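Colleague: Chains as they are written, first to last, in our numbering: chain A, 1 to 303; chain B, 304 to 545. Glycine included, each C-beta is placed from N, C-alpha and C at the ideal position. Computed from a prediction, not measured in an experiment: that's the story for all the values here. Sharing a structure here in structure tokens format.
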Amino acid sequence: LSSPAVVFFEVEILDAKTKDKLCFLDKICFLFVSDPQWYPARQSIRLDPKGKSLKDEDVLQHLPVGTTATFYFRDLGAQISWVTVFLTEYTGPLVIYLLFYFRVPFIYPPKYDFTTSKHWVVHLACMCHSFHYVKRLLETLFVHRFSHGTMPLRNIFKNCTYYWGFAAWMAYYINHPLYTPPIYGEQQIRIALIIFLFCQIGNFSIHIALRNLRPPGSKTRKIPYPTKNPFTWIFLLVSCPNYTYELGSWLGFTLMTQCLPVAFFTLVGFIQMTVWAKGKHRSYLKEFRDYPPLRSPILPFIL
Amino acid sequence: MASSEEDGTVEEKENNNKKRTKSTLATAWLTFYNIAMTAGWLVLAMAMTRFYIQKGTHKGLYRSIARTLKFFQTFALVEVGHCAIGIVRTSVIVTGVQVCSRIFMVWFITNSIRQIQSEESVILFLVVWTVTEITRYSYYTFKLLNHLPYFIKWARYNLFIVLYPVGVVGELLTIYAALPFVRRSGMYSMRLPNKYNVSFDYYYCLIIVMLSYIPLFPQLYFHMLRQRRRMLHGEVIVEKDD
Chain A
1 LSSPAVVFFE
11 VEILDAKTKD
21 KLCFLDKICF
31 LFVSDPQWYP
41 ARQSIRLDPK
51 GKSLKDEDVL
61 QHLPVGTTAT
71 FYFRDLGAQI
81 SWVTVFLTEY
91 TGPLVIYLLF
101 YFRVPFIYPP
111 KYDFTTSKHW
121 VVHLACMCHS
131 FHYVKRLLET
141 LFVHRFSHGT
151 MPLRNIFKNC
161 TYYWGFAAWM
171 AYYINHPLYT
181 PPIYGEQQIR
191 IALIIFLFCQ
201 IGNFSIHIAL
211 RNLRPPGSKT
221 RKIPYPTKNP
231 FTWIFLLVSC
241 PNYTYELGSW
251 LGFTLMTQCL
261 PVAFFTLVGF
271 IQMTVWAKGK
281 HRSYLKEFRD
291 YPPLRSPILP
301 FIL
Chain B
304 MASSEEDGTV
314 EEKENNNKKR
324 TKSTLATAWL
334 TFYNIAMTAG
344 WLVLAMAMTR
354 FYIQKGTHKG
364 LYRSIARTLK
374 FFQTFALVEV
384 GHCAIGIVRT
394 SVIVTGVQVC
404 SRIFMVWFIT
414 NSIRQIQSEE
424 SVILFLVVWT
434 VTEITRYSYY
444 TFKLLNHLPY
454 FIKWARYNLF
464 IVLYPVGVVG
474 ELLTIYAALP
484 FVRRSGMYSM
494 RLPNKYNVSF
504 DYYYCLIIVM
514 LSYIPLFPQL
524 YFHMLRQRRR
534 MLHGEVIVEK
544 DD
């Protein structure tokens with residue numbers, strides 16, 4: 001019996017842009033970059049300067065390199081955790097909407113300060129909007145399992161501007177003293193509320209189903225399938241039903257409030273989610289040979 | 304094209320022929336388009352000059368060329384299409400922003416707010432636009448015909464240094480002059496209460512448009528300066544080889 005051969009690697013790490021040699025490691029077992037400013041989350045190490053980043057789990061021995069390897073380092077810029085970004089971008093709309101709902105001073109003419117709307121649909125809308133964002137915050141804390149730890153810092157400014165800006169724009173009109181309730185009155189509001197609640201439960205069911213696909217701490221990817229929960233049966237027709245239900249919720253909210261800014265927000269969100277859904281669908285198709293052919297990215301049979 | 308002969312399969316030959324016809328068609332269309340646009344803006348330049356020489360004043364000049372201006376400036380929208388289908392190698396967004404800002408000035412400012420049509424600032428930007436467009440479209444035309452006179456290239460990459468800021472001044476002064484008329488008439492605006500639960504104030508929208516020149520203009524200007532340096536840098540290398 002001979003002892004297993006130990007393989008030593010010589011590795012040099014070059015800057016992806018300037019090709020300067022950053023370090024040369026001989027007989028190494030793992031990579032490091034010495035300056036603490038370049039914390040691991042912002043390092044991108046890759047085999048080709050223009051290629052994809054290597055993952056944390058990649059093992060040197062299993063990479064397509066010989067006994068000398070050249071890696072390229074790219075600085076991803078300051079990073080921030082996904083959890084922090086989600087918590088910030090969702091707390092904003094929750095608080096901002098309430099400021100408008102309670103008619104805090106300096107928004108509407110002073111005689112309306114701290115008054116309440118005489119339309120009951122306005123109270124209902126506030127409850128729905130707040131419920132939606134509380135649900136998102138709780139899901140971020142307890143349900144979601146993120147495959148990436150961090151994203152670039154500038155994203156938090158971009159995302160918060162989007163969420164907070166739209167929340168303020170919508171809330172201003174819904175809670176305005178001159179708000180006009182929906183044309184078809186109670187009927188319209190009732191249908192809208194049913195759609196909204198149905199899609200909120202659906203969206204939550206999908207998040208739970210996706211969480212259960214992935215055991216804690218793992219980053220494995222599997223095809224999601226319908227479970228015993230009827231709200232997940234939509235997986236038969238759609239790759240990203242969480243986006244489908246999200247669209248449904250906002251369509252419900254638009255119908256409930258009959259407010260053009262809400263419709264606009266729904267449209268912009270739909271466009272963004274379609275882009276994400278198509279990307280996710282494409283990567284499912286690439287990764288899994290036996291991916292169900294009946295599924296569409298976001299809208300059954302259509303998109 | 305010898306390699307495509309060697310490739311052999313009928314399908315490949317057909318595809319290559321399709322590509323060739325498409326690019327010949329594209330070149331033919333683009334050449335026609337750029338000649339037509341050069342001609343159009345030349346007509347505008349001559350009409351403006353003739354009016355001023357005959358009448359001695361700029362009052363009423365805009366009205367006399369308004370239809371021609373609207374036609375040729377609006378037709379420039381097809382340039383966005385050119386970028387989108389790829390026959391012109393420019394970003395759709397950059398072209399889109401440039402054409403939209405022109406359309407905005409023509410249709411939503413000078414066309415709809417008659418009282419400012421006799422402002423001097425209007426003549427200022429019209430002159431700038433005319434010179435710029437004649438230079439630009441003739442540059443593209445000659446480039447497509449593979450016979451680019453040096454002075455056209457020089458004009459394209461140097462005149463903008465003065466014309467661009469002057470044009471911006473003309474546009475901003477015109478929008479500023481339009482503000483009181485917009486406020487008084489309440490045009491393009493929507494007040495509460497209404498069944499869509501939205502409001503829009505064109506007056507404040509115009510103020511935001513004016514403010515947006517502050518971040519946008521330097522970016523476009525420095526982009527043009529960088530392009531210019533690249534073209535001049537290229538020239539230097541050729542001379543050395545000679």
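Does P496/B get closer than 7 Å to chain A when you measure Cβ to Cβ?
Modeller: Closer than 7 Å to some Cβ of chain A, the Cβ of P496/B qualifies, so yes.
Colleague: Just to make sure I have the definition right: I need the residues of chain A whose C-beta is within less than 8 Å of the C-beta of V501/B. Which are they?
Modeller: Those are Y173, C259, L260 and P261, listed as they occur along chain A.
Colleague: Spatial neighbours of E474/B within its chain, please: CB distance less than 7 Å, with the 5 preceding and 5 following residues excluded, ordered by chain position.
Modeller: So the qualifying residues of the chain are M408 and F428.
Colleague: For T116/A, return the contacting residues in chain B, with the cut-off set at a CB-CB distance below 9 Å.
Modeller: Per Cβ cutoff of 9 Å: no residues; T116/A is ~17 Å from chain B at best.
Colleague: Which word fits Q376/B, buried or exposed, when buried means at least 16 other C-beta atoms lie within 10 angstroms of its C-beta?
Modeller: It is buried - the Cβ of Q376/B has at least 16 other Cβ atoms within 10 Å.
Colleague: Is T359/A helix, strand or coil when you go by DSSP?
Modeller: No information on residue 359/A is available, as it lies outside the stretch 1 to 303 that chain A covers here.
Colleague: Short check: CB of T150/A to CB of S44/A, under 7 Å?
Modeller: For T150/A and S44/A, no; Cβs fall outside 7 Å.
Colleague: Just checking my contact of L251/A with T266/A at CB under 8 Å: how many whole Å lie between their CB atoms?
Modeller: Indeed they touch by this definition, with Cβ atoms about 6 Å apart.
Colleague: Mind checking which residues open and close the beta strand (DSSP E) that includes T150/A?
Modeller: From DSSP, the beta strand (DSSP E) with T150/A extends over T150 to P152.
Colleague: Would N178/A pass as an interface residue toward chain B - the criterion being a Cβ-Cβ separation below 7 Å?
Modeller: Inspection of the sequence shows that residue 178/A is occupied by Leu rather than by Asn. At least one chain B Cβ lies under 7 Å of L178/A.
Colleague: Taking 7 Å as the cut-off, decide whether the C-beta atoms of P337/B and Y453/B are in contact.
Modeller: The question names Pro, but residue 337/B in the sequence shown is Asn. No, Cβ-Cβ distance for N337/B and Y453/B is not below 7 Å.
Colleague: Could you list which residues in chain B have their beta carbon closer than 7 Å to that of I96/A, in chain order?
Modeller: Correct list: empty, because the minimum Cβ distance to chain B is about 17 Å.
Colleague: Mark C403/B as exposed unless 16 or more other C-beta atoms lie within 10 angstroms of its C-beta, in which case mark it buried.
Modeller: By the neighbour-count rule (16 or more Cβ atoms within 10 Å), C403/B is not buried but exposed.
Colleague: Classify E542/B: buried if its beta carbon has 16 or more other beta carbons within 10 angstroms, exposed otherwise.
Modeller: The predicted position of E542/B is uncertain, since its pLDDT is 39 and thus under 50; a value taken from the coordinates is nonetheless stated next. It is exposed - the Cβ of E542/B has fewer than 16 other Cβ atoms within 10 Å.
Colleague: Return the bridge partner residues of R74/A from the DSSP annotation.
Modeller: In the DSSP output, where bridge partners are listed per residue, R74/A has S44/A.
Colleague: Measuring alpha carbon to alpha carbon, tell me which of L447/B, V425/B, M351/B and L345/B ends up nearest V391/B.
Modeller: Selected option, being the one with the closest Cα: L447/B.
Colleague: Where does K358/B fall in DSSP's three states?
Modeller: Looking at K358/B - three-state DSSP - the assignment turns out to be helix.
Colleague: Under 7 Å between C-beta atoms, does F32/A make it to chain B?
Modeller: With a pLDDT of 47 at F32/A, under the threshold of 50, the predicted position of this residue should be treated as unreliable, though the coordinate-derived value follows. False, the Cβ-Cβ gap to chain B never drops below 7 Å.
Colleague: Which term fits L347/B, buried or exposed, when burial requires 16 or more other beta carbons within 10 angstroms of its beta carbon?
Modeller: Buried is the call here.
Colleague: Report all residues from its chain with a CB closer than 6 Å to the CB of R370/B; omit the five preceding and five following residues, and keep chain order.
Modeller: Same-chain partners within the cutoff: there are none.
Colleague: Closest to V485/B by CA distance: which of Y507/B, L476/B and G470/B is it?
Modeller: V485/B has its Cα closest to that of Y507/B, out of Y507/B, L476/B and G470/B.
Colleague: Figure out for me which residue from I437/B, Q522/B, W432/B and T360/B has the closest Cα to the Cα of I406/B.
Modeller: Here the closest residue by C-alpha is W432/B.
Colleague: Given that a residue counts as buried once 16 or more other Cβ atoms are within 10 Å of its Cβ, and exposed if not, what is W570/B?
Modeller: Limits of chain B in this structure are 304 at one end and 545 at the other, which puts residue 570/B out of reach.
Colleague: Residue ranges of each alpha helix (DSSP H) run of no fewer than 4 residues wholly in the region 382 to 446 of chain B, ordered along the chain?
Modeller: Fully enclosed alpha helix (DSSP H) runs of 4 or longer: 395 to 406.
Colleague: Rounding to the nearest angstrom, what Cα-Cα distance links T70/A and F146/A in this structure?
Modeller: Their backbone Cα atoms lie some 30 Å apart in a straight line.
Colleague: Under a Cβ-count criterion, where at least 16 other Cβ atoms within 10 Å of its own Cβ denotes burial, should P241/A be classed as buried or exposed?
Modeller: Under this definition P241/A is a buried residue.
Colleague: Hey, is P93/A close to the ligand ADP, as in C-beta under 6 Å from one of its heavy atoms?
Modeller: You won't find the ligand ADP in this model; it holds no ligand whatsoever.
Colleague: Please confirm if the region 222 to 234 of chain A is in contact with the region 251 to 265 of chain A, defined as three or more CB-CB distances below 8 Å between the two stretches.
Modeller: No contact exists between the region 222 to 234 of chain A and the region 251 to 265 of chain A.
Colleague: Assign M340/B to one of two classes, buried (16 or more other C-beta atoms within 10 Å of its C-beta) or exposed (fewer than that).
Modeller: M340/B should be labelled buried.
Colleague: What residue from L193/A, T140/A and P297/A has the CA that sits closest to I234/A's CA?
Modeller: Here the closest residue by C-alpha is P297/A.
Colleague: What residue range is occupied by the uninterrupted beta strand (DSSP E) comprising Q258/A?
Modeller: No beta strand (DSSP E) contains Q258/A, which DSSP labels as neither H nor E.
Colleague: Is C240/A helix, strand or coil by DSSP?
Modeller: Coil.
Colleague: By the criterion of Cβ-Cβ separation under 8 Å, what are the contact partners of I107/A in chain B?
Modeller: By Cβ distance, chain B contributes nothing, its closest Cβ being about 13 Å from I107/A, past 8 Å.
Colleague: Which whole-angstrom value describes the C-beta separation of L94/A and I189/A, a residue pair presumed to lie in contact below a C-beta threshold of 8 Å?
Modeller: So it is not a contact: roughly 22 Å between Cβ atoms.
Colleague: Does the region 88 to 102 of chain A touch the region 159 to 171 of chain A, meaning 3 or more C-beta pairs lie closer than 8 Å?
Modeller: Cβ pair count under 8 Å is three or more, so yes.
Colleague: Report the option in D48/A, D75/A and F131/A whose CA atom is closest to the CA atom of L63/A.
Modeller: If we check each option's Cα against that of L63/A, D48/A comes out closest.
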